[in-house]
Amino acid sequence: MPRLLLFGASGAVGKALVRLLEAENAYTVHGTCRSNRPPLPAERCHRLDLEDFRKLELLWERIRPDAVVLALRGDYEKQLRFHRAVAELAKGSSCDVWFCSTSAVFDGSAKKPHTEEEAPAPESEYGRFKAACEEMMASVLGSRLRILRFPAVFGRDVPRVTQLMERLKRGEIVEYHDNFFANRHTDEMLARQIAFLLRHRPEGIFHLGSVDIMSQAEFYRELVFRLGYPKERVKAISHPADRILAVLSKRDWPEELRITHDDILDHFRS
Numbered sequence: 001m002p003r004l005l006l007f008g009a010s011g012a013v014g015k016a017l018v019r020l021l022e023a024e025n026a027y028t029v030h031g032t033c034r035s036n037r038p039p040l041p042a043e044r045c046h047r048l049d050l051e052d053f054r055k056l057e058l059l060w061e062r063i064r065p066d067a068v069v070l071a072l073r074g075d076y077e078k079q080l081r082f083h084r085a086v087a088e089l090a091k092g093s094s095c096d097v098w099f100c101s102t103s104a105v106f107d108g109s110a111k112k113p114h115t116e117e118e119a120p121a122p123e124s125e126y127g128r129f130k131a132a133c134e135e136m137m138a139s140v141l142g143s144r145l146r147i148l149r150f151p152a153v154f155g156r157d158v159p160r161v162t163q164l165m166e167r168l169k170r171g172e173i174v175e176y177h178d179n180f181f182a183n184r185h186t187d188e189m190l191a192r193q194i195a196f197l198l199r200h201r202p203e204g205i206f207h208l209g210s211v212d213i214m215s216q217a218e219f220y221r222e223l224v225f226r227l228g229y230p231k232e233r234v235k236a237i238s239h240p241a242d243r244i245l246a247v248l249s250k251r252d253w254p255e256e257l258r259i260t261h262d263d264i265l266d267h268f269r270s
């Protein structure tokens, strides 16, 4: 059975992907974590610090992965060095490398949705970091690097949702922008899309997310309502000018792997 090494298996995206791949039984999945353990057997769960390059090399030699998914979080400088180390290890093998990036690589050009063929235009520190990772790893791996760009991810166990629930339980009013437009995703559908890509191994850059866009305030009103609270708990505020941060795809995805905001919100229906 092919071996997959998932860096960041205890994060929201990592956990969803682990659960799906374990159920499909198409890969022997190994996952790394720092503290929280992912839903994997102990012998396939590996605690790994971003600065422990010797342990990384030993882990690589032990597993000899056929595919690698990078879904890490943490200090940007440490991550950048770690991603370079992984890219150099992968260069000496035949494995595919899938890097989880972000719609924020376009946050310096937030006037329209962006598709796969457009060059990154980051402004935020996070966007610049992810764009730097994309560029660095592509310089090492060439076409063997696959880049997965996606927007904010939602799910019942995702921190942005659990933190929202805590605020709502405390009776807080939450503020969101009515002139910030974006697309969004769920952890479960993102995992399904990544699993599809792992099976078919296409090359290039992939924009993953809802096929439609919605204002932040409107989306959160609907989300809050589905979580059991009145829509009035959301207060609309505005940026000085409209902003759009959405990654849309020109690729021909199967219908069952397309998602809309209605689908995302139905994910939270009581």
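At position 105 of the sequence shown the residue is numbered 105 (the UniProt record's numbering), and the sequence of numbers has no breaks.
Heads up, the beta-carbon is just placed ideally off N, CA and C, and yes, glycines get one too.
Rounded to whole angstroms, the Cβ separation of Val105 and Ala12 is 19 Å, and the two are not in contact under 8 Å. Among the bridge pairs identified by DSSP, Cys33 is matched with Arg47.
Contact annotation: Leu21 and Tyr27 have beta-carbon atoms nearer than 8 Å. Residue pairing by DSSP places Glu77 opposite no residue, since no beta bridge is assigned to it. For Cys133, the enclosing alpha helix (DSSP H) starts and ends at 125-141. Three or more beta-carbon pairs separated by less than 8 Å are not found between the stretch 224-231 and the stretch 140-152, which leaves the two stretches without contact. When C-alpha distances from Gly92 are compared across Pro38, Arg144, Glu125, Pro113, the shortest belongs to Arg144. The DSSP assignment places 205-207, 234-237 as complete runs of the beta strand (DSSP E) inside the stretch 202-242, in order along the chain (cut-off: 3 residues).
With a beta-carbon spacing of about 4 Å, Ala121 and Gly108 fall inside the 8 Å limit used to define contacts.
The C-beta separation of Asn179 from Ser210 comes to about 19 Å, leaving the pair out of contact by the 8 Å criterion. Contact check for Lys111 and Ile244: beta-carbon distance about 6 Å, within the 8 Å limit, so the pair qualifies. As the crow flies, the alpha-carbon of Phe206 is around 13 Å from that of Val97.
In this structure, the beta-carbon distance from Asp212 to His177 does not fall below 8 Å. For the pair Val86 and Pro39, the Cα-to-Cα distance works out to about 23 Å.
In this structure Ala246 is not in contact with Ala217, their Cβ atoms being roughly 16 Å apart against a cut-off of 8 Å.
DSSP places Arg251 outside both helix and strand once states are collapsed to three, so it counts as coil. Going by beta carbons, Arg3 and His46 fall outside the 8 Å limit.
Counting along the chain, Arg199 sits inside no beta strand (DSSP E); it lies in the alpha helix (DSSP H) bounded by residues 187-200. Under DSSP, Phe53 shares a beta bridge with no residue. For the pair Gln193 and Glu255, the Cα-to-Cα distance works out to about 11 Å.
Residue pairing by DSSP places Ala182 opposite Met214, Leu245 in a beta bridge. Contact between Leu223 and Phe181 does not hold, since their C-beta atoms are separated by about 16 Å, which reaches or exceeds 8 Å.
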